[in-house]
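Visitor: Residue numbers (UniProt numbering): 1 to 374.
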Amino acid sequence: MIDLTIKKKVGDFCLDVDLQVENEILVLFGPSGAGKSTILQCVAGLLTPDEGLIAIDGEKVFAATAGRMERNVPVHRRRIGYVFQNYALFPHLTVWQNIVYGVRRHPQRREMVEDMIIRMRLGGLEKRYSHQLSGGQQQRVALARALVIQPRVLLLDEPFSALDTMVREKLQQDLLHMQGQLGLSTLYVTHDVKDAFTLGDRLAIINKGKIEQIGSKEDVFDHPTSIAAARFTGTRNIFRGEVMGRDENGVVILWRGFKLWSSCAAAGTGSKVEFCIRPEEIMIMRDDRPPKEELAQNLLSGKIVRQIAKGPSISLFLKIEESDGTSGEAKLARDYDLEMALPRHVYRKLDLRVGKRVTVSLKRSALHVIGPLA
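(1) Could you check whether residue 281 and residue 366 sit closer than 8 Å to each other, using their CB atoms as the reference points?
(2) Have a look at residue 351 and residue 315 and give me their C-alpha separation to the nearest angstrom.
(3) Check whether the region 173–183 and the region 205–218 touch, using three or more Cβ-Cβ pairs below 8 Å as the test.
(4) Taking all protein chains shown into account, decide if residue 247 is buried (16 or more other Cβ within 10 angstroms of its Cβ) or exposed.
(5) Within a Cβ cutoff of 7 Å, which residues of the same chain sit near residue 135, ignoring the five residues on either side of it in sequence?
(6) To the nearest angstrom, report how far apart residue 369 and residue 274 are at their CA atoms.
(7) Can you tell me which of the three DSSP states residue 78 falls into?
(8) Kindly identify the DSSP beta-bridge partner or partners of residue 14.
(9) Report the residue ranges of all alpha helix (DSSP H) runs contained in full by the region 260–330; include only those spanning at least 4 residues, in chain order.
(10) Which stretch, first to last residue, makes up the alpha helix (DSSP H) that contains residue 167?
(11) My parser needs the beta strand (DSSP E) runs of 3 or more residues fully inside the region 216–257; what are they?
(12) By the DSSP assignment, the beta strand (DSSP E) with residue 196 in it spans what residues?
(13) By DSSP, does residue 134 sit in helix, in strand, or in coil?
(14) What residue range is occupied by the uninterrupted alpha helix (DSSP H) comprising residue 110?
(15) Determine the contact status of residue 244 and residue 253, defining contact as a CB-CB distance below 8 Å.
(16) List, from N- to C-terminal side, the beta strand (DSSP E) runs of 3 residues or more that fit wholly inside the region 8–66.
(17) Given this structure, state the Cα-to-Cα distance separating residue 65 from residue 11, to the nearest angstrom.
(18) Should the region 300–313 be called in touch with the region 337–351, which here means at least 3 C-beta pairs below 8 Å?
(19) Cβ of residue 403 within 8 Å of Cβ of residue 313?
(20) Given 8 Å as the limit, is there contact between the region 71–85 and the region 39–51, that is, 3 or more CB pairs closer than that?
(21) If you run the structure through DSSP and keep just helix, strand and coil, what is residue 129?
(22) In its own chain, which residues sit with a C-beta less than 6 Å from the C-beta of residue 84, not counting the 5 before and 5 after it?
(23) For residue 306, which residues from the same chain have a beta carbon less than 8 Å from its beta carbon, with the 5 sequence-adjacent residues on both sides left out?
(24) Check each candidate in 4, 90 and 125 and name the one with the smallest Cα separation from residue 56.
(25) Closest by CA to residue 36, which one among 201, 18 and 22?
(26) Kindly list the residues whose CB is nearer than 7 Å to the CB of residue 16, restricted to its own chain and excluding five residues on each side of it in sequence; keep chain order.
(27) Measure the C-alpha to C-alpha separation of residue 296 and residue 278 and round it to an integer number of angstroms.
(28) What span of residues does the beta strand (DSSP E) with residue 388 cover, start to end?
(29) Does residue 139 come out as helix, strand or coil in the three-state DSSP assignment?
(30) Let me make sure I understand the geometry here. Which of 28, 120, 262 and 32 has the alpha-carbon closest to that of residue 181?
(31) How is residue 375 classed by DSSP in three states: helix, strand or coil?
(32) What does residue 213 pair with, by DSSP beta-bridge criteria?
(33) Start and end of the beta strand (DSSP E) containing residue 148?
(34) Along the chain, where does the beta strand (DSSP E) that runs through residue 345 open and close?
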């Protein structure tokens, strides 16, 4: 377990975070320069916080109060596995020598290295040097070197970002398998939304040196508590409106003259709110069948004005036909109102294209009220 409450000032940047990590993968997610890698460096002992506490499995490895250092365990005594984005393999050492390096004085080092070579599928590569390996092989060596020391904590700083999709997905599965076997407390830094959702048990959004939001990945993705959190996790549709009423199932919001129902009940009647819906939660209605009950509310009609192919999915951009009612938000200074995402086979089946008029449903259960206007 990792328990940390630390502050660190670097120039104009100030890190101030409080985190607890059980035997899980906690993903640190957010923009560049937010402080994600700084957190890892502080845990590892590569960077010294100004004040605070870092404990691993109940042992204090760092403690300082008001500038007075009480404890600061050296890097090599913290038993931490650290994998960097650039792998950081020793170029003059073979695969075997790289892996054994951290346990070179251990009496059972041969058995430990052989076990890790089997686990990480590195058999036959033991005598190769790093320049003779593919990117995926190098990263497996880096993981093996980090894990062979039997660390209490595993730190991963964008380890798969430079790899192609197939290799990255295989290494993700390897990591999840190892995590399931070893039950490590793992901190994983990434900018990639897919990485975050695939690997994380929990997700912490880091922004400007602080924790913007932390929770299960499902909760953070589906129920962002701030505009920043919504944007970082890929929620493209963020709006402002006014709560016009409520019932036991949620609230009704006036937006651009339309009344939209949300299952979120966290806002009072008359309040101005920010709300959002993820692109994949917007459903296109078929003309040849009535909508299901859960999709019968929040129906909007408009025209597809743009589309972007994204591998197995298509992003469509919809311009909504105006309502005659009053607006809770100024018209957007762009050529579309909604962004939606759907599988390519659905796009083909419904014969969708730029210029086509469609009706969509903003699923009530997916329309999330972020909070009152700041």
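Just so you know, even glycine gets a beta-carbon here, dropped at the ideal spot from N, CA and C.
Guide: With the given structure in hand:
(1) Closer than 8 Å, so yes.
(2) If you take the alpha carbons of residue 351 and residue 315, they lie about 14 Å apart.
(3) No, the region 173–183 is not in contact with the region 205–218.
(4) With fewer than 16 other Cβ atoms within 10 Å, it is exposed.
(5) Counting only residues of its own chain and dropping the five nearest sequence neighbours on each side, residue 135 has a CB closer than 7 Å to the CB of 162, 163 and 167.
(6) The C-alpha of residue 274 is placed about 6 Å away from the C-alpha of residue 369.
(7) In the displayed model, residue 78 falls within coil according to three-state DSSP, outside both helix and strand.
(8) BP columns for residue 14 point to 9.
(9) Annotation: the region 260–330 contains no complete segment of the alpha helix (DSSP H) (minimum length 4 residues).
(10) Counting along the chain, residue 167 sits inside the alpha helix (DSSP H) bounded by residues 165–182.
(11) Annotation note: the region 216–257 contains the following uninterrupted beta strand (DSSP E) runs of length 3 or greater, listed N- to C-terminal: 237–247 and 250–255.
(12) Unbroken run through residue 196 is the alpha helix (DSSP H), 193–199; no beta strand (DSSP E).
(13) Three-state DSSP puts residue 134 in coil, outside helix and strand.
(14) Looking at the DSSP string, the run of the alpha helix (DSSP H) that includes residue 110 is 109–119.
(15) Against a cut-off of 8 Å, the Cβ pair of residue 253 and residue 244 comes out as a contact.
(16) Positions of the beta strand (DSSP E) runs, each at least 3 residues long and wholly inside the region 8–66, are given as 13–21, 25–29, 51–56 and 59–65 in order along the chain.
(17) The C-alpha of residue 11 is placed about 20 Å away from the C-alpha of residue 65.
(18) A contact exists between the region 300–313 and the region 337–351.
(19) Residue 403 lies beyond the stretch modelled for the chain, which goes from 1 to 374, so this question has no answer here.
(20) Per the Cβ contact rule, the region 71–85 is in contact with the region 39–51 (3 or more Cβ pairs under 8 Å).
(21) Reduced to three states, the DSSP call for residue 129 is strand.
(22) Result list for residue 84: 157, in chain order.
(23) The beta carbon of residue 306 is closer than 8 Å to those of 316, 317, 335, 336 and 354 in its chain, skipping five residues each way along the sequence.
(24) Among 4, 90 and 125, the Cα nearest to that of residue 56 is on 4.
(25) Of the listed residues, the one whose Cα sits closest to residue 36 is 18.
(26) The residues are 7, 209 and 210.
(27) Taking the straight line joining both Cα atoms gives about 18 Å.
(28) Any question about residue 388 goes unanswered here, given that the chain covers just 1 to 374.
(29) Residue 139 falls in the helix class under three-state DSSP.
(30) Of the residues 28, 120, 262 and 32, the one whose Cα lies closest to the Cα of residue 181 is 120.
(31) Outside the displayed span of the chain (1 to 374) sits residue 375, for which this structure offers no information.
(32) 205.
(33) Where residue 148 is concerned, there is no enclosing beta strand (DSSP E), given that its DSSP letter is neither H nor E.
(34) Run containing residue 345: none in the beta strand (DSSP E); it sits in the alpha helix (DSSP H), 344–349.
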